[in-house]
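Below is one structure; the comments refer to it alone.
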Amino acid sequence: MKSTCLAVTTLVVLFAGCTADSSQEVVEENEVSEIVTKDAVTPQRDPAVEAAILGMAPDYNREMIEAGGGQKARYLYTRADLNSDGQDEVIVYMLGSIFCGTGGCNLLILTGSEDGYQVVNNFPTSRVPLVATRETSHGWQDLVREVSGGGVPTEYVRYTFDGDRYVEVERLSAAEAPAGEAYLSDDFTFESGLILEPLD
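The opening position of the sequence shown corresponds to residue 121 in our numbering, with each subsequent residue numbered one higher.
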């Protein structure tokens with residue numbers, strides 16, 4: 121009887137152990153490729169966000185718009201707390217010929233200040249989505265963006281925060297999809313954006 125109980129107990133322990141190991145492997149595999157899509161795009165204009173954009177692009181004026189065919193630029197934005205301080209940063213994606221090229225458009229990271237928003241980073245010729253990973257540097261989530269177009273093979277670029285701004289640390293193969301939260305992940309068109317009015 122004791123032998124039978126011992127054998128059953130051993131089988132239960134072995135089965136539980138195998139089940140736990142298998143579950144762990146599945147979780148680890150999912151963690152490697154998991155991207156959580158954050159589709160929310162703020163539909164209302166925000167004067168403070170626009171002021172930060174215009175401060176970054178002082179040459180954006182009516183003369184430039186007329187020279188470019190008369191079409192005003194547009195922008196999309198969403199909010200995310202990238203540094204876990206309880207205050208959202210703003211992720212802005214510009215649209216239009218003034219801010220775009222064959223490789224994409226300007227992508228801005230704004231953070232709040234006493235005077236509104238200040239530009240933390242201005243990534244030129246970017247494509248969306250922007251992925252905020254689980255890793256952090258100086259309290260800020262690492263970021264990954266896609267770079268492609270203009271004859272350059274598609275690849276991912278990873279950035280870490282150096283205490284003042286995001287800096288490039290490595291380039292990854294297009295096959296190495298980053299894990300994290302993907303912001304501005306829809307297929308946006310020019311008409312999707314909010315019109316950016318120039319200062320003059």
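Quick reminder that beta carbons are idealized off the backbone N, C-alpha and C, glycines included. These numbers come from a predicted model, not from an experiment.
Cα-Cα separation, residue i to residue j
| i | j | result |
| --- | --- | --- |
| T162 | E290 | 31 Å |
| A177 | G216 | 13 Å |
| R374 | L319 | Summary: the structure shown does not reach residue 374, with the chain confined to residues 121 through 320, and so no result is reported for it. |
| F281 | N181 | 32 Å |
| G190 | Y279 | 35 Å |
| D208 | V248 | 19 Å |
| D141 | P298 | Below a pLDDT of 50, predicted positions are generally treated as unreliable, and D141, at 39, falls in that range; the measurement from the model is reported next regardless. Their backbone Cα atoms lie some 25 Å apart in a straight line. |
| F310 | I185 | 15 Å |
| L263 | K192 | 29 Å |
| G232 | S246 | 23 Å |
| G221 | A172 | 21 Å |
| Q261 | G236 | 22 Å |
| F308 | F219 | 15 Å |
| G300 | T253 | 4 Å |
| P167 | R194 | 14 Å |
| D201 | Q238 | 15 Å |
| D306 | L314 | 15 Å |
| G206 | E234 | 16 Å |
| V287 | V267 | 15 Å |
| A187 | R165 | 25 Å |
| P273 | D179 | 31 Å |
| E183 | E255 | 44 Å |
Supposed contact pair residue j and residue i - C-beta distance, whole angstroms, cut 8 Å
| i | j | result |
| --- | --- | --- |
| L316 | Y213 | That pair is no contact at about 12 Å. |
| F243 | L227 | 4 Å |
| V210 | V169 | 6 Å |
| G283 | S204 | Between S204 and G283 the Cβ distance is about 15 Å, and since that is not below 8 Å, they are no contact. |
Beta-carbon proximity of residue i to residue j, cut-off 9 Å
| i | j | result |
| --- | --- | --- |
| A295 | V251 | no |
| S312 | L174 | no |
| G224 | G271 | no |
| R199 | V240 | no |
| E275 | S293 | yes |
Opposing strand residues paired with residue i [DSSP bridges]
| i | result |
| --- | --- |
| R254 | Bridge partners of R254: none, in fact. |
| A168 | Partner(s): none; A168 has no beta bridge. |
| S293 | E275 |
| L174 | In the DSSP output, where bridge partners are listed per residue, L174 has none listed. |
| S233 | G236 |
| R247 | E266 |
| A323 | Here the chain covers residues 121 to 320 and nothing more, so residue 323 does not appear. |
| V287 | T280 |
| L314 | Y195 |
| L324 | As displayed, the chain neither begins before 121 nor continues past 320, which places residue 324 out of reach and without an answer. |
Proximity test, Cβ basis, 9 Å: residue i and chain D
| i | result |
| --- | --- |
| S233 | Any reference to chain D falls outside this structure, which holds one protein chain only. |
Which ranges would you report for the beta strand (DSSP E) in the segment 182-223 if only whole runs of at least 3 residues count? Fully enclosed beta strand (DSSP E) runs of 3 or longer: 194-200, 209-215.
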